[in-house]
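Read through the structure below, which is laid out as structure tokens, and then see the notes.
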Amino acid sequence: MDLRFGGVAGVAGVAIGTATVISPPADLGSVPDKAAKDIEKEIASFQEALKLVRRDIKVVGRSLAQRLRSEEQALFDVYLRMLDDNALAGEVVSRIEQGNWAQGALREVVSEHVHQFSMMGDPYLRERATDIKDLGRRVLAYLQEAAPASLEFTDETILVADELTPAMLGEVPSEKLVGLVSVHGSSNSHVAILARSMGIPTIMGAVDLPLTRIDGRELILDGYSGRIYVQPSKKLLTAYSDIVRCEQEQATELEALKDLPAETTDGFVMPLWEQADTYRKQIEAFSPRPVTMRTLDIGGDKALPYFPINEENPFLGWRGIRVTLDHPEIFLVQVRAMLKAGEGYDNLRIMLPMVTSVGEVEDASRQIDRAVRELQDEGYAIKRPLVGVMVEVPAAVY
Numbered sequence: 421m422d423l424r425f426g427g428v429a430g431v432a433g434v435a436i437g438t439a440t441v442i443s444p445p446a447d448l449g450s451v452p453d454k455a456a457k458d459i460e461k462e463i464a465s466f467q468e469a470l471k472l473v474r475r476d477i478k479v480v481g482r483s484l485a486q487r488l489r490s491e492e493q494a495l496f497d498v499y500l501r502m503l504d505d506n507a508l509a510g511e512v513v514s515r516i517e518q519g520n521w522a523q524g525a526l527r528e529v530v531s532e533h534v535h536q537f538s539m540m541g542d543p544y545l546r547e548r549a550t551d552i553k554d555l556g557r558r559v560l561a562y563l564q565e566a567a568p569a570s571l572e573f574t575d576e577t578i579l580v581a582d583e584l585t586p587a588m589l590g591e592v593p594s595e596k597l598v599g600l601v602s603v604h605g606s607s608n609s610h611v612a613i614l615a616r617s618m619g620i621p622t623i624m625g626a627v628d629l630p631l632t633r634i635d636g637r638e639l640i641l642d643g644y645s646g647r648i649y650v651q652p653s654k655k656l657l658t659a660y661s662d663i664v665r666c667e668q669e670q671a672t673e674l675e676a677l678k679d680l681p682a683e684t685t686d687g688f689v690m691p692l693w694e695q696a697d698t699y700r701k702q703i704e705a706f707s708p709r710p711v712t713m714r715t716l717d718i719g720g721d722k723a724l725p726y727f728p729i730n731e732e733n734p735f736l737g738w739r740g741i742r743v744t745l746d747h748p749e750i751f752l753v754q755v756r757a758m759l760k761a762g763e764g765y766d767n768l769r770i771m772l773p774m775v776t777s778v779g780e781v782e783d784a785s786r787q788i789d790r791a792v793r794e795l796q797d798e799g800y801a802i803k804r805p806l807v808g809v810m811v812e813v814p815a816a817v818y
């Protein structure tokens, strides 16, 4: 029987390769408090460690630049900003000046921030705790004068870690990386966002995976179902190899199309920011009066020829918000366009159609919060707009 473990599908796709288990560069939890014998020397050591970590982050960002859009590359700028003097770095220096040695001061500050983020209700913000821990461990490794571990990567590497981070992702040569597995974390993490952009099959939350026993072993990663197979049988390998081959053929076909003009068959060119530009015109035209924009409402009497919905009773079945919640790639693109269009104004409102339960509102709100946080990380000066619903289904009332 094939040894199988479960997780949460993070990025769709199938990967077959060899597991490389990567460990954190240092352990913050084992650092004791000590009085600083020479405060100036401790501050100088900390500043030198910061400089080296900043250098490493920039190197990782450059190594992934060709595979990422500018929006995803901006995540590495977020990492660098966390290390600014008015952020974590300034707090650590202040603790050193109060008498703690550099390693202990770093542990204190990182632990406090990790705790604060871990307690937040917003799942996107909760995931920032992982980023802070990763940065803290990297700074600590240099404070402890530990050289970064040198790992060997096979031609088909599936990177596995307790908590994957963007910096870990950049340590693997891009041509060798075929899959990602993280024991902890969610689809809101920065590494999941990067993996989606790069098209790397990913599984998050594989809490039962025995990390200590899988390094160097063959894995199948099913990013559609969230399953991981360790030392799979020949029969299973053959079946999944066929899926990988089909995916590669499809990717090759799409690669051949990517440089063709982005225009319709009758020669009309669709601008890249068409949706955001259209929304912007409406928001500007009616400012300062509120502009309420409805998320995509298809199904029932609203049919799209390229998105068929087969329902016995289309007026009561899969439609409105239920469709877009099942397709977050559609929902998020539209919400991001709305948010970008509203930058600099305060009159955007978002309305959710065909809502039948509080759960749907909560799910949609989480997606909207995620879009807001991602755009803020990318440098957009936006605020979360008011969100409401269209009460048009009996279940929404009763």
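Going by my numbering, 454 is the number at position 34 of the sequence shown; the sequence numbering is gapless. Positions of the beta carbon are idealized from the N, C-alpha and C atoms, including for glycine. Please read all numbers here as calculations on a predicted model, not as lab measurements.
The stretch 745-797 is shown to contain whole alpha helix (DSSP H) runs of 4 or more residues at 748-761 and 778-797, in chain order.
Inter-segment contact for the stretch 740-747 and the stretch 767-779 is present: three or more beta-carbon pairs are separated by less than 8 Å. In the structure shown, G449 falls within a helical segment according to DSSP collapsed to helix, strand and coil. Under the DSSP assignment, Y649 falls in the beta strand (DSSP E) whose first and last residues are R647 to V650. Taking the C-beta atoms as reference points, P805 is found nearer than 7 Å to I770.
A residue is called buried once 16 or more other Cβ atoms fall within 10 Å of its Cβ, and E547 is buried on that count.
Residues V431 of the same chain have their beta carbon placed closer than 7 Å to that of R616, with the five preceding and five following residues left out of the count.
In terms of CA proximity to R558, A446 leads the group A446, G799 and A696. Annotation: R714 is outside any alpha helix (DSSP H); the continuous beta strand (DSSP E) that includes it extends over V711 to R714. Under DSSP, T622 shares a beta bridge with V431 and L600. A Cβ-Cβ distance of about 14 Å is found for the pair Q796 and V755, leaving them out of contact under the 8 Å criterion.
Comparing alpha carbon positions, the residue from S602, R709, Q518 and G646 closest to E460 is Q518. In the three-state DSSP reduction, L579 falls in the strand class (E or B). Its chain contains L484, L488, E492, L495, P586 and L589 as the residues whose beta carbon lies nearer than 8 Å to that of L614, once the 5 sequence neighbours on both sides are disregarded; these appear in chain order.
Straight-line measurement puts the Cα of V480 at about 24 Å from the Cα of G510. Counting along the chain, the unbroken beta strand (DSSP E) around G426 starts and ends at L423 to G426. Between the stretch 450-458 and the stretch 616-636 there are fewer than three inter-stretch CB-CB distances shorter than 8 Å, so the stretches are not counted as touching.
When the alpha-carbon of L759 is set against those of G799, I663 and H747, the nearest one is in G799. In this structure, the CA atom of D679 is about 22 Å from the CA atom of I620. When secondary structure is reduced to three states using DSSP, I436 falls in the strand class.
With fewer than 16 other Cβ atoms inside 10 Å of its own Cβ, A705 counts as exposed. By the C-beta density criterion, W693 is exposed, having fewer than 16 other C-beta atoms within 10 angstroms.
DSSP places V530 within a helical segment (H, G or I) once states are collapsed to three.
When the alpha-carbon of G541 is set against those of S785, M810 and V811, the nearest one is in S785.
Shown here for R714: same chain residues with a beta carbon closer than 6 Å to its own, the five before and five after excluded, namely M771 and P773 in chain order. Contact check for P710 and D422: beta-carbon distance about 56 Å, past the 8 Å limit, so the pair fails to qualify. Where E460 is concerned, the enclosing alpha helix (DSSP H) starts and stops at I459 to L484.
Between A581 and S602, the CB-CB gap stays under 7 Å. For W521, same chain residues with a beta-carbon under 6 Å away, outside a window of 5 residues either side, are K454, A456 and E462 in chain order. If you look at L639, you'll find it in the beta strand (DSSP E) that goes E638 to D642. E576 places its beta carbon less than 7 Å from that of G437. Within 10 angstroms of the beta-carbon of Q523 lie 16 or more other beta-carbons, which makes it buried. Looking at the backbone, the Cα of G687 and that of I703 are separated by about 29 Å. Per the coordinates, the alpha-carbon of V598 lies some 6 Å from the alpha-carbon of A435. In this structure, the CA atom of E572 is about 50 Å from the CA atom of D717. Residue pairing for A455: DSSP places it in a beta bridge opposite N520.
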